[in-house]
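Visitor: According to UniProt numbering, the sequence shown holds residues 1 to 88 in order.
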Amino acid sequence: MTHPARALLETTTAALAPDPRANELVPRIADGTAPLTTLAALALEQTRVIPADRRAFAFLAERGKRPTRRPRATSRRWPRARRWRVSG
């Protein structure tokens, strides 16, 4: 017996998943009939995306090299109460 949540997830995913044959651009690029403006727009997007991805991956790689801080064994649950002086 399938769990109702799992069945709902599978039917929703199947209904919302894009049809692999629905992308008309890739075959047009492959056979050379795609408009030049479309290729120019894709190239322009990639000139922005690739350097940003490279910076993100470099940041993550550098962060992965740093040692992680261990939590302190003793930590206060509540901050110390401040003492307010009333001047009179």
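Note that CB positions come from ideal geometry on N, CA and C, so glycine has one too.
These numbers come from a predicted model, not from an experiment.
For the alpha helix (DSSP H) that E10 lies in, which residues bound it at each end?
Guide: Unbroken alpha helix (DSSP H) run through E10: 4–16.
Visitor: Between which two residues does the alpha helix (DSSP H) harbouring A22 extend?
Guide: Element bounds for A22: n/a, residue is neither H nor E.
Visitor: Express the C-alpha separation of L60 and A17 in angstroms, rounding to a whole number.
Guide: A17 and L60: Cα-Cα distance of roughly 30 Å.
Visitor: So, is the C-beta of H3 closer than 8 Å to a C-beta in chain B?
Guide: As a matter of chain content, chain B is missing from the structure shown, which is built from one protein chain.
Visitor: Report yes if the C-beta distance between L25 and T38 is below 8 Å; otherwise report no.
Guide: Contact: yes.
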